[in-house]
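Peer 1: Sequence order for the protein chains is W and R.
Just so we're aligned: 124 in full-length UniProt numbering is position 124 of the first sequence, and the numbers increase by one with no gaps anywhere.
Just so we're aligned: 380 in full-length UniProt numbering is position 380 of the second sequence, and the numbers increase by one with no gaps anywhere.
Sharing a structure with you now.
Protein chains: 2
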Amino acid sequence: MPSNALIAKLQAIVGNEHTHTDGDLSLWEQDWRQLARGKALAVVTPASTAEVSAVVQACAAAKAEGLDVSIVPQGGNTGLVLGSTPDDSGHQVVLSLRRMQGIRAIDRANLSMTVDAGCILQNLQDAARAEGLLLPLSLAAEGSCVIGGNLATNAGGTQVVRYGNARELCLGLEVVTADGRVWNGLSGLRKDNTGYDLRNLMIGSEGTLGIITGATLRLYPQPAATSCAWLAVDSLEFAVELLSLSQKHLGAGLTGFEAMEQDALRLVEKHMPQLRLPIDATAGQAFILLEYSDDESEERARTRLEALLEQAFEAGLLLDGAVAQSLDQAQRMWDIREHIPLAQAQEGVHLKHDISVPSSSIPSFVARAKAALAQSHPSARIINFGHLGDGNLHFNVQAPEGADARAFVTSEAQAVQSVIYDTVAFYGGSFSAEHGVGRLKPAELLHYKDPVALSLMRAIKQALDPQGLLNPRAVLPMPAQEPAHA
Amino acid sequence: MPSNALIAKLQAIVGNEHTHTDGDLSLWEQDWRQLARGKALAVVTPASTAEVSAVVQACAAAKAEGLDVSIVPQGGNTGLVLGSTPDDSGHQVVLSLRRMQGIRAIDRANLSMTVDAGCILQNLQDAARAEGLLLPLSLAAEGSCVIGGNLATNAGGTQVVRYGNARELCLGLEVVTADGRVWNGLSGLRKDNTGYDLRNLMIGSEGTLGIITGATLRLYPQPAATSCAWLAVDSLEFAVELLSLSQKHLGAGLTGFEAMEQDALRLVEKHMPQLRLPIDATAGQAFILLEYSDDESEERARTRLEALLEQAFEAGLLLDGAVAQSLDQAQRMWDIREHIPLAQAQEGVHLKHDISVPSSSIPSFVARAKAALAQSHPSARIINFGHLGDGNLHFNVQAPEGADARAFVTSEAQAVQSVIYDTVAFYGGSFSAEHGVGRLKPAELLHYKDPVALSLMRAIKQALDPQGLLNPRAVLPMPAQEPAHA
Chain W
1 MPSNALIAKL
11 QAIVGNEHTH
21 TDGDLSLWEQ
31 DWRQLARGKA
41 LAVVTPASTA
51 EVSAVVQACA
61 AAKAEGLDVS
71 IVPQGGNTGL
81 VLGSTPDDSG
91 HQVVLSLRRM
101 QGIRAIDRAN
111 LSMTVDAGCI
121 LQNLQDAARA
131 EGLLLPLSLA
141 AEGSCVIGGN
151 LATNAGGTQV
161 VRYGNARELC
171 LGLEVVTADG
181 RVWNGLSGLR
191 KDNTGYDLRN
201 LMIGSEGTLG
211 IITGATLRLY
221 PQPAATSCAW
231 LAVDSLEFAV
241 ELLSLSQKHL
251 GAGLTGFEAM
261 EQDALRLVEK
271 HMPQLRLPID
281 ATAGQAFILL
291 EYSDDESEER
301 ARTRLEALLE
311 QAFEAGLLLD
321 GAVAQSLDQA
331 QRMWDIREHI
341 PLAQAQEGVH
351 LKHDISVPSS
361 SIPSFVARAK
371 AALAQSHPSA
381 RIINFGHLGD
391 GNLHFNVQAP
401 EGADARAFVT
411 SEAQAVQSVI
421 YDTVAFYGGS
431 FSAEHGVGRL
441 KPAELLHYKD
451 PVALSLMRAI
461 KQALDPQGLL
471 NPRAVLPMPA
481 QEPAHA
Chain R
1 MPSNALIAKL
11 QAIVGNEHTH
21 TDGDLSLWEQ
31 DWRQLARGKA
41 LAVVTPASTA
51 EVSAVVQACA
61 AAKAEGLDVS
71 IVPQGGNTGL
81 VLGSTPDDSG
91 HQVVLSLRRM
101 QGIRAIDRAN
111 LSMTVDAGCI
121 LQNLQDAARA
131 EGLLLPLSLA
141 AEGSCVIGGN
151 LATNAGGTQV
161 VRYGNARELC
171 LGLEVVTADG
181 RVWNGLSGLR
191 KDNTGYDLRN
201 LMIGSEGTLG
211 IITGATLRLY
221 PQPAATSCAW
231 LAVDSLEFAV
241 ELLSLSQKHL
251 GAGLTGFEAM
261 EQDALRLVEK
271 HMPQLRLPID
281 ATAGQAFILL
291 EYSDDESEER
301 ARTRLEALLE
311 QAFEAGLLLD
321 GAVAQSLDQA
331 QRMWDIREHI
341 PLAQAQEGVH
351 LKHDISVPSS
361 SIPSFVARAK
371 AALAQSHPSA
381 RIINFGHLGD
391 GNLHFNVQAP
401 EGADARAFVT
411 SEAQAVQSVI
421 YDTVAFYGGS
431 FSAEHGVGRL
441 KPAELLHYKD
451 PVALSLMRAI
461 KQALDPQGLL
471 NPRAVLPMPA
481 QEPAHA
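This is the structure in structure tokens:
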């Protein structure tokens with residue numbers, strides 16, 4: 001089948017106006033970080049699960065007839081590892097879920113909502129809030145990312161320490177399989193032991209095993225009040241001890257535990273002087289933004305936090321601490337945390353690493369990685385911050401002060417990354433805690449992943465997508481197809 | 001290869017004294033409910049992951065040479081659906097993990113422990129408690145079930161409303177695959193997005209995709225105090241409203257929400273009069289045992305519970321309520337709940353159903369199922385109780401008063417089950433919420449499961465165990481093997 005025959009079929013399925021082949025397709029072909037621009041055979045934006053199914057069937061049939069074609073499912077296209085954009089072959093169909101934005105049902109008593117995959121995360125947060133409920137998935141891209149992509153990549157965010165990743169917030173899925181069938185696994189059940197866990201297999205598979213078209217999400221009651229504290233500590237060892245104390249003292253009320261080393265805050269001070277730090281950056285080696293949510297009242301939220309601080313001072317863990325006295329003050333603390341990546345960008349291009357280790361290993365990991373980098377790249381600057389409560393750090397590396405940032409990044413990326421990922425591996429950690437593998441990190445996957453795990457993954461991919469139709473360049477890249485013999 | 005050559009190989013691997021072929025093997029061949037007695041080719045009890053791997057390789061090689069052999073992994077053998085006992089063919093090797101009882105590591109700061117699959121659940125609870133931590137998996141069999149089986153069956157229990165099923169308590173696994181390789185997926189990470197979720201695929205697969213030999217478990221701080229209340233309500237509608245109110249008011253402090261209909265308590269009164277009910281069984285149509293855990297103090301646990309009751313009374317949800325004034329009183333409330341199955345056993349054999357529906361659908365499900373049974377089995381008695389907070393009911397059916405219980409169970413099991421499971425399906429529920437499929441419920445799986453899900457499951461089984469070596473009669477029974485041509 002020639003490719004224009006396939007395009008005609010796609011037009012018949014989703015309509016001409018929702019099949020894009022000409023003009024500026026950068027919205028779909030360009031990734032958010034602008035790392036690589038691809039070239040799509042076509043972009044289709046189906047309106048329903050039935051249309052997604054028909055698109056997949058049409059592509060599968062064309063591929064069976066010898067056409068070199070595959071599908072890249074795309075949500076909000078905010079991913080950081082090239083998982084949702086096409087390669088430059090011109091053989092990939094981008095299937096965007098963005099038109100599927102329906103909230104199918106909210107079940108208040110069951111604390112669940114069933115939604116289309118293309119719903120923007122923030123809209124779902126708002127819909128839950130309107131019912132007095134909480135969808136506790138929150139990340140920087142929430143205004144434009146969509147829930148299907150959040151689930152396909154098992155998104156993390158700032159509330160994982162209490163509520164888990166996207167995986168833990170999903171009760172059921174609707175998925176179009178690689179041969180275009182619809183698996184109806186939507187379910188509001190908390191317990192169901194009837195067969196293999198297909199839901200979690202699809203979650204985090206980055207569109208390589210099926211296309212998520214709908215989901216049932218787990219909701220929570222809104223807490224009565226939330227409060228924050230900004231804490232200075234002398235080292236990451238103390239930060240980890242403070243984490244244990246907070247978990248013990250605050251239990252499930254601990255909804256955020258972010259850590260920032262001094263150098264990260266100095267960059268914020270330098271580039272965003274209007275963001276006043278609650279405590280001077282010289283007051284400690286590391287700082288913690290701790291968020292506490294209480295089921296009773298604002299007053300209790302503050303008194304509980306203050307009691308924790310008192311205990312922490314007595315235990316000698318804290319150098320200084322400030323409790324937000326208003327929602328506004330709490331928001332300003334979060335603003336500082338969230339401006340670190342922006343301050344780093346102002347300082348120049350740099351190398352990003354999204355790693356995790358057991359939280360108990362964080363101090364040794366950081367010490368060891370810094371020592372190794374001090375050997376290999378003596379003047380490189382380390383900007384280290386992240387979700388300490390989840391063992392997840394953004395351990396970023398910036399060119400030496402005054403050096404050519406672009407040149408440093410280009411020449412040193414591979415060497416710096418090896419130092420860091422080897423150290424991560426030494427502590428049993430992950431080279432991609434939140435962001436996934438996509439088309440950016442398959443080499444790291446092959447290098448660092450357990451070989452038996454890799455072979456199980458390959459067997460599963462082969463079993464569920466024998467044609468290699470779904471996102472074949474991502475995660476476990478399949479060999480390039482032989483020239484069509486049709 | 002003749003079977004005695006395989007047995008000699010197994011003896012060489014695990015030792016003669018750990019390879020059982022003669023004598024009384026009922027410990028391994030007989031299931032806990034005594035539903036069916038199997039006949040094993042041999043029972044082996046390896047001492048290490050390496051020995052498990054060698055046993056699997058030996059069996060796989062023998063099967064490749066034409067011997068009709070397969071493996072049934074077994075933990076504590078406390079399962080309820082014949083998932084861990086051999087069939088009566090004499091061709092299955094029972095591989096018991098019971099000798100692998102090591103606690104490999106406890107990481108307090110990371111809130112995790114890494115253990116051998118054969119560790120008895122209660123021993124792990126105790127080991128966590130000794131560190132001031134909580135392993136919140138708790139079920140009736142905890143004194144003899146083992147963690148490998150808990151994970152292979154995704155066990156539930158009484159604390160799921162707060163902490164989730166066994167699945168949610170597992171951070172990493174070590175698994176021997178169907179070809180005898182060892183996948184080292186042990187990990188204390190909270191975040192790791194490097195490839196497919198093999199961990200959750202293995203969890204709940206009932207030994208059909210791999211043999212779990214080790215696990216890293218998620219621990220929690222011990223709460224400061226736990227308190228209980230016993231509540232009488234006029235209907236299950238009010239019980240569900242009370243659940244919502246409790247979730248809102250108590251948040252993550254709500255660690256138990258069990259419901260019992262009046263008839264279930266009347267059986268306890270009849271057969272265990274020494275267990276005094278906190279509130280007379282005539283005081284309500286349904287009763288709730290609510291457990292609350294507080295991170296602060298015993299005093300606060302009680303005052304929070306009392307405040308909830310006050311609100312519930314004001315909202316007209318409660319007929320009566322009693323808050324336990326001591327740990328002893330709380331334990332007595334749990335005793336009553338846990339004696340319902342025993343009281344039912346005293347009343348005679350009966351039909352058990354372990355179902356789930358969205359908790360919002362529980363009142364309509366129960367009304368509809370009762371109405372349908374009133375048509376089909378007018379005098380049958382329904383004993384309904386369970387984990388309402390998880391939408392999970394043990395909706396059991398007892399012969400009419402005075403009737404021959406055994407005869408009723410024998411003749412009506414299929415008809416009663418169809419009425420109940422059809423009603424469960426109508427509400428999008430599960431015919432096996434906690435117990436799994438095993439060799440007891442594959443017919444129900446084929447009847448009620450989404451056909452696309454079934455075909456994905458078959459493809460995965462074929463991909464990960466192409467020989468059909470691992471527990472081939474369970475979950476998705478494979479066709480009986482052709483006679484060996486060797």
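Glycine residues also receive a C-beta, built at the ideal position from the N, C-alpha and C atoms.
Since this is a predicted model, take the numbers as computed values, not measurements.
1. Would the beta-carbon of P73 (chain R) fall within 9 Å of that of E237 (chain R)?
2. Hey, how far is the Cα of D328 (chain R) from the Cα of D335 (chain R)?
3. Which first and last residues belong to the alpha helix (DSSP H) in which N123 (chain R) is found?
4. Taking only three categories from DSSP, how would you classify I212 (chain W)?
5. Flag P223 (chain R) as yes if its beta-carbon sits less than 9 Å from any beta-carbon of chain W, otherwise no.
6. Identify the contact partners of D31 (chain W) in chain R, using a Cβ-Cβ distance below 8 Å as the criterion.
7. DSSP has P73 (chain W) in a bridge; who is on the other side?
8. Report yes or no: do three or more beta-carbon pairs, one from the segment 76-96 of chain R and one from the segment 190-202 of chain R, lie closer than 8 Å?
9. Identify each residue in the segment 315-338 of chain W for which the Cβ-Cβ distance to at least one residue of chain R is less than 9 Å, and report them in chain order.
10. Curious, which full-length beta strand (DSSP E) runs of at least 3 residues does the segment 6-90 of chain R contain?
11. List the residues of chain W whose Cβ lies closer than 8 Å to the Cβ of Q462 (chain R), in chain order.
12. Could you tell me which uninterrupted alpha helix (DSSP H) segments, each at least 4 residues in length, are contained entirely in the segment 424-459 of chain R, listed from first to last along the chain?
13. If contact means a Cβ-Cβ distance below 9 Å, which residues of the segment 423-447 of chain R contact chain W?
14. Can you list, in chain order, the stretches of the beta strand (DSSP E) that have 3 or more residues and sit fully within the segment 351-426 of chain R?
15. Tell whether a beta-carbon distance below 9 Å holds between P223 (chain R) and D116 (chain R).
16. Quick check: what's the CA-CA separation for T78 (chain R) versus S144 (chain R)?
17. Would you mind telling me which residues of chain W sit closer than 9 Å to L235 (chain R), beta carbon to beta carbon, in chain order?
18. Determine which residues of the segment 177-190 of chain W have a Cβ less than 7 Å from any Cβ of chain R, and write them out in chain order.
19. So, with DSSP's three-state summary, where would you put V175 (chain R)?
20. Over the uninterrupted beta strand (DSSP E) stretch that includes L231 (chain W), give me the two end residues.
21. Ignore the nearest five residues each way along the sequence and tell me which others in A330 (chain W)'s own chain have a CB closer than 6 Å to its CB.
22. Between E299 (chain R) and M113 (chain R), what straight-line distance do the alpha-carbon atoms span, to the nearest angstrom?
23. State the DSSP-derived secondary structure class of E291 (chain R), mapped to helix, strand or coil.
24. Here's the rule: buried if 16 or more other CB atoms are within 10 angstroms of the residue's CB, otherwise exposed. What is D280 (chain W)?
25. Do G164 (chain R) and L189 (chain W) have their CB atoms nearer than 9 Å?
26. Secondary structure at R199 (chain R), three-state DSSP: helix, strand or coil?
27. Note down, in chain order, all residues in the segment 147-160 of chain W with a beta-carbon under 7 Å from any beta-carbon belonging to chain R.
28. Which residues in chain A have a C-beta closer than 8 Å to the C-beta of V52 (chain R)? List them in chain order.
29. Can you list the residues of chain W that E174 (chain R) reaches, using a CB-CB cut of under 7 Å?
30. Work out the CA separation of L198 (chain R) and A166 (chain R) for me, nearest whole Å.
31. Within a Cβ cutoff of 8 Å, which residues of the same chain sit near R99 (chain R), ignoring the five residues on either side of it in sequence?
32. Have a look at R:A463, R:G438, R:L469 and flag the residue whose alpha-carbon is nearest the alpha-carbon of L476 (chain R).
33. Consult DSSP for A486 (chain W) and reduce its assignment to one of helix, strand or coil.
34. Name the chain R residues whose beta carbon is nearer than 9 Å to that of L201 (chain W)?
35. Does any residue of chain R bring its CB to less than 9 Å from the CB of D107 (chain W)?
36. Does the Cβ of G185 (chain R) have 16 or more other Cβ atoms within 10 Å, making it buried, or fewer, making it exposed?
Peer 2: Once the coordinates are examined:
1. Residue numbering aside, residue 73 (chain R) sits at position 73 when the second sequence is read from its first letter. Residue numbering aside, residue 237 (chain R) sits at position 237 when the second sequence is read from its first letter. Contact: no.
2. Working through the second sequence from its first residue, we reach residue 328 (chain R) at position 328. Working through the second sequence from its first residue, we reach residue 335 (chain R) at position 335. Across the structure, D328 (chain R) and D335 (chain R) are spaced so that their CA atoms are roughly 10 Å apart.
3. As a first step, residue 123 (chain R) is located in the second sequence; it is residue number 123 there, counting from the start. Taken as a continuous stretch (DSSP letters only), the alpha helix (DSSP H) holding N123 (chain R) covers 121-130.
4. Reading the first sequence from its first residue, position 212 is the one you call residue 212 (chain W). The answer is strand: DSSP assigns I212 (chain W) an E or B state.
5. Translated into the one-based positions of the second sequence, residue 223 (chain R) becomes position 223. Chain W, which has a Cβ nearer than 9 Å to the Cβ of P223 (chain R), makes this yes.
6. Within the first sequence, residue 31 (chain W) is the residue found at index 31, counting from 1. Near D31 (chain W) there are no residues of chain R at all, since even the closest Cβ is about 17 Å away, more than 8 Å.
7. Reading the first sequence from its first residue, position 73 is the one you call residue 73 (chain W). DSSP lists W:L95 as partners of P73 (chain W).
8. no
9. Cβ contacts with chain R: none found.
10. Counting only unbroken stretches of 3 or more residues, the beta strand (DSSP E) elements lying wholly within the segment 6-90 of chain R are 40-44, 70-74, in sequence order.
11. Stepping through the second sequence from its first residue, residue 462 (chain R) is reached at position 462. What Q462 (chain R) touches in chain W: A463.
12. 442-448
13. G428, G429, S430, F431, S432, A433, E434, H435, G436, V437, K441, E444, L445
14. 354-356, 381-387, 392-398
15. One-based indexing of the second sequence puts residue 223 (chain R) at position 223. One-based indexing of the second sequence puts residue 116 (chain R) at position 116. Cβ distance not < 9 Å, so P223 (chain R) and D116 (chain R) don't count as in contact.
16. Taking the second sequence and counting its residues from 1, one reaches residue 78 (chain R) at position 78. Taking the second sequence and counting its residues from 1, one reaches residue 144 (chain R) at position 144. Their Cα atoms are separated by approximately 7 Å.
17. Position 235 of the second sequence, counted from the start, is the residue given in the question as residue 235 (chain R). Checking the sequence, you will find Ser at residue 235 (chain R) rather than Leu. Those within 9 Å of S235 (chain R) in chain W number zero; the least Cβ separation is about 14 Å.
18. Residues of the segment 177-190 of chain W whose Cβ lies closer than 7 Å to any Cβ of chain R, in chain order: T177, R181, V182, W183, N184, G185, S187, G188, L189, R190.
19. Locating residue 175 (chain R) in the second sequence gives position 175, counting from the first residue. Here V175 (chain R) sits in strand by DSSP.
20. In the first sequence, residue 231 (chain W) corresponds to position 231, counting from 1. Note, L231 (chain W): beta strand (DSSP E), 225-233.
21. Residue mapping note: residue 330 (chain W) aligns to position 330 of the first sequence, counting from 1. Answer for A330 (chain W): C228, A324, listed in chain order.
22. Numbered from 1 along the second sequence, position 299 holds the residue referred to as residue 299 (chain R). Numbered from 1 along the second sequence, position 113 holds the residue referred to as residue 113 (chain R). Cα-Cα distance, rounded: 31 Å.
23. Working through the second sequence from its first residue, we reach residue 291 (chain R) at position 291. In this structure, E291 (chain R) counts as strand in the three-state DSSP scheme.
24. Counting from 1 along the first sequence, the entry for residue 280 (chain W) is found at position 280. Its Cβ having fewer than 16 others within 10 Å, D280 (chain W) is exposed.
25. Against the second sequence, residue 164 (chain R) aligns to sequence position 164. Against the first sequence, residue 189 (chain W) aligns to sequence position 189. Going by C-beta atoms, G164 (chain R) is not nearer than 9 Å to L189 (chain W).
26. For the purposes of this step, residue 199 (chain R) is identified with residue 199 of the second sequence, where counting begins at 1. The answer is helix: DSSP assigns R199 (chain R) an H, G or I state.
27. T153, N154, G156, V160
28. The structure shown contains no chain A; its protein chains are W and R.
29. Along the second sequence, read from residue 1 onward, the residue named residue 174 (chain R) stands at position 174. Chain W residues near E174 (chain R): none, gap ~10 Å exceeds 7 Å.
30. Translated into positions along the second sequence, residue 166 (chain R) becomes position 166. Translated into positions along the second sequence, residue 198 (chain R) becomes position 198. Taking the straight line from one Cα to the other gives about 15 Å.
31. On the second sequence, residue 99 (chain R) is found 99 positions in, with the first residue counted as 1. Contacts found: H18, T45, P46, A47, G118.
32. Sequence index remark: in the second sequence, residue 476 (chain R) carries index 476 (1-based). Of the candidates R:A463, R:G438, R:L469, the one whose C-alpha sits nearest the C-alpha of L476 (chain R) is R:G438.
33. For this step, residue 486 (chain W) is matched to residue 486 along the first sequence. Residue confidence is low: A486 (chain W) scores 39 on pLDDT, short of 50, so the model does not pin down where it sits. Its coordinate-derived value is still stated next. Three-state result, A486 (chain W): coil.
34. Mapped onto the first sequence, residue 201 (chain W) falls at position 201. Near L201 (chain W) (Cβ distances below 9 Å), the residues of chain R are Y196, D197, L198, N200, L201, L456, I460.
35. Mapped onto the first sequence, residue 107 (chain W) falls at position 107. Yes, contact with chain R.
36. Here residue 185 (chain R) refers to the residue found at position 185 when the second sequence is read from its first residue. Burial call: buried.
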